[in-house]
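I have placed the structure first, in the form of structure tokens, so that the comments after it can refer back to it.
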Amino acid sequence: MTPRDLILNFVNQYDKPFDAALIANMTGLEIKEVEPIITELIEDKTIKLASKREPIYARSNRFNTNVDRQIRPNWHFDPKAALALINLIERGRFTSIRSIAEVFGRSRQWVFVYLEALASAGVIGVNQYGYCVLNKKDVGNVGVKIKRGILKDLHSHVSELRKRQQIQEELDTWHLKSKSPEPLEKEMEAFDSYNQGTMQTLNKNQRIFYL
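This is the structure:
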């Protein structure tokens, strides 16, 4: 992806005001690379100045909910980069975008954009161990449809499943405890019973001996 593509991806995702330093931090670009592209985006009205006193910007259509609902024309996904990201996820256990970005050598913004596109295409998902690969064959469809918020939905679903599993395990444990005494308690009862039987036998033998 070109620097312009990275910045456009950030602008399309970020709904709050931003400055050049924030873009540089989120995309991994240098500020000197960011500033000329910001000027271009202002000229073509992709972004606008949000403050008269400071160089703070906002996306021009950030309050228009009908814009960019399905296809994002400014996104240019690299199939090779997408496949490399898939292979990385397949080899390891990653639970956060930050951890993937550190290993993959890309910005968190870039990783988020690609993960969202891969999840929207049904290529990746989330399980109890973190991100997982579901289907590599649809990698060519990455970027055709973007389901905004899909990563959050996937994590929420897994979190709910974990809660249900934990509740079920607690119920199973409680059921086992209520069904039978603790092992130590049972062992003590068995010892007492054996001891009483032995003492009764000894008493009988002593009476027979004296008779």
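The numbering used here applies: residue 256 is where the sequence shown begins, and numbers increase by one. Where is the CB? At the ideal position from N, CA and C, for every residue including glycine.
Excluding sequence positions up to five away, which residues of its chain have a Cβ less than 8 Å from the Cβ of residue i?
i: Y384; result: R348 and T350
i: S391; result: The residue asked about is misnamed: residue 391 is Lys in this sequence, not Ser. Here the set comprises L338, I341 and V378.
i: I344; result: I355, I379, Y386, C387 and V388
Residues in the same chain with beta-carbon distance under 7 Å from residue i, minus the five sequence neighbours each way, listed in chain order, please.
i: K287; result: none
Just how far apart, CA to CA, sit residue i and residue j?
i: K400; j: E285; result: 30 Å
i: T301; j: E290; result: 14 Å
i: Q423; j: L416; result: 11 Å
i: I352; j: D299; result: 31 Å
i: I326; j: K418; result: In this prediction, I326 has a pLDDT of 39, which is less than 50 and means its spatial position is unreliable; what the coordinates show is noted afterwards. I326 and K418: Cα-Cα distance of roughly 35 Å.
Sort the options by Cα distance to residue i and report the nearest one.
i: N280; options: K307, P334, R363 and A313; result: R363
i: P272; options: N396, R259 and S306; result: S306
i: K303; options: Q268, A336, A313 and Q421; result: A313
i: N396; options: S375, L406 and S354; result: S375
i: E204; options: D274, F367 and I278; result: Within the shown structure, residues of the chain are numbered from 256 to 466, placing residue 204 beyond reach of any answer.
i: I292; options: N264, I405 and T428; result: N264
i: P334; options: V394, F367, L261 and E425; result: V394
i: Q402; options: N382, V368 and A336; result: The question names Gln, but residue 402 is Lys in the sequence shown. Considering only alpha carbons, the answer is V368.
Identify, in the order they occur along the chain, each residue of the same chain with its Cβ nearer than 6 Å to the Cβ of residue i, setting aside the five sequence neighbours on each side.
i: S411; result: none
i: G283; result: S362
Using DSSP bridges, identify the partner residues of residue i.
i: Y386; result: V381
i: L340; result: Answer is none; L340 lacks a bridge partner.
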